[in-house]
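Engineer:
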Amino acid sequence: MVAKPSFDDNCLAPTSEGEMSNLVAESARSGAQLRIIGGGTRLEPMSLASGQKAVSTRLITGVVDYQPGALTLVARAGTPLHQIETLLEGEGQILAFEPMDHRHLLETTGTPTLGGMVGANVCGPRRLFAGACRDHLLGVRFVDGSGRVVKNGGRVMKNVTGLDLSKLICGSFGTLGIVTEVSIKTAPAPEREETLVFGDVTVSEANVIFTKALATPFEVSGAAFSQRTATLRIQGFPQQIAYRRERLKELFRDYSIGIFDGERSKQYWIGIRDVLHFASTGHPVWQILVRPTDAPGVVSGLERLGGTTSLDWGGGLIWYSGKASAADVRRVCGGSQARLVRGTTLGSKSFLPPENEFVSRISRSLRATFDPAGILNPDLLDR
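If you're matching positions, the sequence shown starts at 538 in this note's numbering and goes up one per residue.
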């Protein structure tokens, strides 16, 4: 029996991969379009087109296999991320890419899930050090737009067969298939962390700080800027932290540097990860990917439009909160990728950045292969 999750009476929730396969196959035959949802953390009030169905993976749950010694985990797509993180914490491990929790920023009450994380390629401040979610995927199982179950990859990194397909599915927002199971690498949790705090600096000064720090061998795992404050995070064993801190302070001896350590550092980076400084602004929020060297110029242009900005990923990610139109934001960003994270429904044409003709041609070809009937989240990419 296909259940209906509590967050929306119109949302179907199969309880197994087989049920999902049957549901998608029937939808492909009837031409019914499907709105794919994980745990509902990025939902705004949902309106479905005529004949469209919402489908959630939230009831396809459970850890299939966890090998702490091999640093691998296999779990079903609807498994809540907090369950995964609690399991890993018990073994002194983490997801190295520090996935963001969108709920405060979007004012939603859903539950972040493993499949939603993969579908949106969710990551946090550690991305500049450890890579993105897709860089840690070992394999996926998914249901394509015809209802076929596709298995790709393996459970150890040495098995790289088809790994590129896993990376393709990661960040595709359900347009190529509905992820039902994920195999992923885990990582040892750092024993300690500290944050170097540079107060009263400009965005250009922060950019110089990031460039110099990230060029050192001191393994900076976070580099952010907000409200005229630049921060650098270092993680590892206590002796390593002490050495790296002193070397970085020597490198930046012309600056006044404060230190956040222990729990204060952890809470600070949770705030950066989840963009809590924009959680209550009431304005649209944009996520903009840029070359770090371009960040000061883009920030200057955005602030002339009105609103506020912050930086993460050493300047490679700009968060912008303001009332500017999508056209104005993308004009200022030029060739950078600007995605509207808050202030639009999932199906809005503004949700994802426009594709150039070359990328659009590839996207259409991939969707024709994996979803020939065009039923999986069609309103996300039909623009």
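Think of the CB as a built atom: it goes at the ideal place given N, C-alpha and C, for glycine as much as any other residue.
These numbers were taken from a predicted model, which means no experiment stands behind them.
#1: Short check: CB of residue 733 to CB of residue 796, under 8 Å?
#2: Taking the beta strand (DSSP E) that residue 744 falls in, what are its first and last residues?
#3: Hey, residue 658 and residue 676 are a contact pair by Cβ (cut 8 Å); roughly how many whole angstroms apart?
#4: Would the segment 820 to 839 and the segment 781 to 789 be scored as touching if the rule is three or more Cβ pairs under 8 Å?
#5: Could you tell me whether the Cβ atoms of residue 809 and residue 564 are closer together than 8 Å?
#6: Under three-state DSSP, which class holds residue 631?
#7: Are there three or more Cβ pairs, one per stretch, closer than 8 Å when the segment 572 to 579 is compared with the segment 634 to 647?
#8: Return the first residue and the last residue of the beta strand (DSSP E) that residue 604 is part of.
#9: So, do the segment 678 to 689 and the segment 715 to 724 have three or more beta carbon pairs nearer to each other than 8 Å?
#10: Does the distance from the C-beta atom of residue 615 to that of residue 652 stay below 8 Å?
#11: Are there 16 or more other CB atoms within 10 angstroms of the CB of residue 673, so buried, or fewer, so exposed?
#12: Run the CB neighbour count on residue 644, radius 10 Å, all protein chains shown included, and call it buried at 16 or more, exposed below.
#13: Evaluate residue 483 with the Cβ neighbour count: other Cβ atoms within 10 Å of its Cβ, from every protein chain shown; 16 or more gives buried, anything less gives exposed.
#14: Alpha carbon to alpha carbon, what distance is there between residue 856 and residue 551?
#15: How would you label residue 909, buried or exposed, when you count the other beta carbons within 10 angstroms and need 16 or more for buried?
#16: Taking the beta strand (DSSP E) that residue 610 belongs to, which residues open and close that run?
#17: I'd like the list of long-range same chain contacts for residue 668, defined as Cβ closer than 7 Å, with 5 residues on each side in sequence excluded.
#18: Return the chain-ordered list of same chain residues with a C-beta closer than 6 Å to the C-beta of residue 851, the five sequence neighbours on each side being excluded.
#19: Decide if residue 902 is buried, meaning its Cβ has at least 16 other Cβ atoms within 10 Å, or exposed.
#20: By how many angstroms is the C-alpha of residue 892 removed from the C-alpha of residue 572?
#21: If we ignore side chains and look at the alpha-carbon of each, how far apart do residue 819 and residue 648 end up?
#22: What is the rounded straight-line gap between the Cα of residue 867 and the Cα of residue 558?
#23: Under the DSSP definition of a beta bridge, which residues are partnered with residue 617?
#24: Per the contact definition of three or more C-beta pairs closer than 8 Å, is the segment 721 to 736 in contact with the segment 799 to 817?
#25: Taking only three categories from DSSP, how would you classify residue 908?
#26: Could you give the residue range of the beta strand (DSSP E) that holds residue 716?
#27: What's the C-alpha gap between residue 624 and residue 661?
#28: Just mark residue 554 as buried or exposed, buried being the case when its beta carbon has 16 or more other beta carbons within 10 Å.
#29: Check each candidate in 766, 853, 608 and name the one with the smallest Cα separation from residue 814.
#30: Decide if residue 778 is buried, meaning its Cβ has at least 16 other Cβ atoms within 10 Å, or exposed.
#31: Measure the CB-CB distance between residue 654 and residue 705 and report whether it falls below 8 Å.
#32: On a CA-only basis, which of 839, 568, 713 is nearest residue 905? Give me that one, please.
#33: If you drop the 5 nearest sequence neighbours on each side, which residues of the same chain put their C-beta closer than 7 Å to that of residue 710?
#34: Quick one: residues in its chain with C-beta nearer than 6 Å to the C-beta of residue 699, no 5 flanking neighbours on either side, listed in chain order?
#35: Could you tell me whether the Cβ atoms of residue 869 and residue 844 are closer together than 8 Å?
#36: Please classify residue 766: does DSSP put it in a helix, a strand, or coil?
Structural biologist: Put simply:
#1: Annotated as proximal: residue 733 and residue 796, with beta-carbon spacing under 8 Å.
#2: Residue 744 -> not in any beta strand (DSSP E); alpha helix (DSSP H) instead, spanning 740 to 751.
#3: 16 Å between Cβ atoms; not a contact.
#4: no
#5: no
#6: Here residue 631 sits in strand by DSSP.
#7: yes
#8: 600 to 604
#9: Judged by Cβ distances under 8 Å, the segment 678 to 689 makes contact with the segment 715 to 724, as three or more pairs qualify.
#10: yes
#11: buried
#12: exposed
#13: Summary: the structure shown does not reach residue 483, with the chain confined to residues 538 through 920, and so no result is reported for it.
#14: 35 Å
#15: exposed
#16: 609 to 613
#17: 634
#18: 665, 747, 751, 760, 829
#19: exposed
#20: 21 Å
#21: About 22 Å.
#22: Each residue's Cα considered, the two are about 38 Å apart.
#23: The partner list for residue 617 (beta bridge, DSSP) reads 650.
#24: yes
#25: Here DSSP, grouped into helix, strand and coil, assigns residue 908 to coil.
#26: 715 to 722
#27: The straight-line gap from Cα to Cα measures roughly 20 Å.
#28: buried
#29: 766
#30: buried
#31: no
#32: 713
#33: 656, 657, 914, 917
#34: Its pLDDT being 44, under 50, residue 699 is placed unreliably in this model, and the value from its coordinates should be taken loosely. Close CB contacts of residue 699 within its chain, under the 6 Å cut and outside five residues either way in sequence, are with 689, 690 (chain order).
#35: no
#36: strand
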